[in-house]
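**Student:**
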Amino acid sequence: GAGVSQTPSNKVTEKGKYVELRCDPISGHTALYWYRQSLGQGPEFLIYFQGTGAADDSGLPNDRFFAVRPEGSVSTLKIQRTERGDSAVYLCASSLGRGENTEAFFGQGTRLTVV
Amino acid sequence: KQEVTQIPAALSVPEGENLVLNCSFTDSAIYNLQWFRQDPGKGLTSLLLIQSSQREQTSGRLNASLDKSSGRSTLYIAASQPGDSATYLCAVRPMDSSYKLIFGSGTRLLVRP
Numbered sequence: 001g002a003g004v005s006q007t008p009s010n011k012v013t014e015k016g017k018y019v020e021l022r023c024d025p026i027s028g029h030t031a032l033y034w035y036r037q038s039l040g041q042g043p044e045f046l047i048y049f050q051g052t053g054a055a056d057d058s059g060l061p062n063d064r065f066f067a068v069r070p071e072g073s074v075s076t077l078k079i080q081r082t083e084r085g086d087s088a089v090y091l092c093a094s095s096l097g098r099g100e101n102t103e104a105f106f107g108q109g110t111r112l113t114v115v
Numbered sequence: 116k117q118e119v120t121q122i123p124a125a126l127s128v129p130e131g132e133n134l135v136l137n138c139s140f141t142d143s144a145i146y147n148l149q150w151f152r153q154d155p156g157k158g159l160t161s162l163l164l165i166q167s168s169q170r171e172q173t174s175g176r177l178n179a180s181l182d183k184s185s186g187r188s189t190l191y192i193a194a195s196q197p198g199d200s201a202t203y204l205c206a207v208r209p210m211d212s213s214y215k216l217i218f219g220s221g222t223r224l225l226v227r228p
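Protein chains in written order, with our numbering: chain A, 1 to 115; chain B, 116 to 228.
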């Protein structure tokens, strides 16, 4: 597609439920990132994929969070036993590579609300 | 640990004014710096990317400068318009983890008609 696509755009779930957030990166981009943005703050890094593997998952807040990218394209962020504190906008970005010329392109985000 | 600060947190100006948004970072070892625009409830739109070897980039009414040694970047918006109202975020790509962007908290800009 022309840009990074995220679905759903909004998700409301009850505390304790399981949710999946999907990201479809720009075609040909090997790098994919997930960020989380709380109200009034800048995005914070969660996880980075280079191809199919998670090269860095140091930003995931705890073991309730998990992400996959099985074919090196679409990625899914999975949150188990959701808590109200998980409410935020989850942003996905993709880029061609790394280094000085790397420009990241972001999707529209998924607004997750845990009630 | 790299930290990015944006001042001011919010800014309100009348239409037509030229304005400057500031971004500072604590570690000068970066690959690049990127300015983004975020409209309410939306994702991030990339405005300008400045590589570490560059001092400025221009796109239309926008001009971004980078002074890596002092850890500063500015985004200059000429002849502001109400349509420029949004939150502006800067982010650096550190050399010690070149895949990861470190963001500031943003400057919320309102351009009054």
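Quick reminder that beta carbons are idealized off the backbone N, C-alpha and C, glycines included.
Between which two residues does the beta strand (DSSP E) harbouring residue 89 of chain A extend?
**Tutor:** The residue given as residue 89 of chain A occupies position 89 in the first sequence. Looking at the DSSP string, the run of the beta strand (DSSP E) that includes residue 89 of chain A is 88 to 95.
**Student:** Within 9 Å (strictly less), CB to CB, does residue 157 of chain B reach chain A?
**Tutor:** Counting from 1 along the second sequence, the entry for residue 157 of chain B is found at position 42. Chain A contact via Cβ: present.
**Student:** Taking 8 Å as the cut-off, is the beta-carbon of residue 131 of chain B closer than that to any non-hydrogen atom of the ligand NAD?
**Tutor:** As presented, the structure is devoid of all ligands, the ligand NAD included, so that no description of it is given.
**Student:** Comparing C-alpha positions only, which one of A:104, A:27, A:39 sits nearest to residue 188 of chain A?
**Tutor:** Missing from the structure shown is residue 188 of chain A; chain A here goes from 1 to 115 and no further.
**Student:** If residue 76 of chain A and residue 14 of chain A are in contact, beta carbons under 8 Å, what's the gap, nearest whole angstrom?
**Tutor:** The residue you call residue 76 of chain A lines up with position 76 of the first sequence. The residue you call residue 14 of chain A lines up with position 14 of the first sequence. That belief does not hold up - the Cβ atoms of residue 76 of chain A and residue 14 of chain A are roughly 20 Å apart, past 8 Å.
**Student:** By the criterion of Cβ-Cβ separation under 7 Å, what are the contact partners of residue 208 of chain B in chain A?
**Tutor:** Here residue 208 of chain B refers to the residue found at position 93 of the second sequence. Residues of chain A passing the Cβ test: 102.
**Student:** In the stretch 129 to 150 of chain B, which residues sit with their C-beta less than 8 Å from some C-beta in chain A, listed in chain order?
**Tutor:** 146, 147, 149
**Student:** Would you say residue 19 of chain A lies against chain B (beta-carbon separation less than 9 Å)?
**Tutor:** If you number the first sequence from 1, residue 19 of chain A lands on position 19. False, the Cβ-Cβ gap to chain B never drops below 9 Å.
**Student:** In chain order, what residues of the same chain lie with their CB nearer than 8 Å to the CB of residue 189 of chain B, ignoring the 5 residues before and after it?
**Tutor:** In the second sequence, counting from the first residue as 1, residue 189 of chain B sits at position 74. Answer for residue 189 of chain B: 135, 136, 137, 138, 179, 180, listed in chain order.
**Student:** Is the beta carbon of residue 2 of chain A closer than 9 Å to that of residue 161 of chain B?
**Tutor:** For this step, residue 161 of chain B is matched to residue 46 along the second sequence. For this step, residue 2 of chain A is matched to residue 2 along the first sequence. With respect to the 9 Å criterion, residue 161 of chain B and residue 2 of chain A are not classified as neighbours on the basis of their beta carbons.
**Student:** Under 8 Å Cβ-Cβ, which residues of chain A neighbour residue 219 of chain B?
**Tutor:** What you label residue 219 of chain B is simply residue 104 of the second sequence in a count that begins at 1. Per Cβ cutoff of 8 Å: 42.
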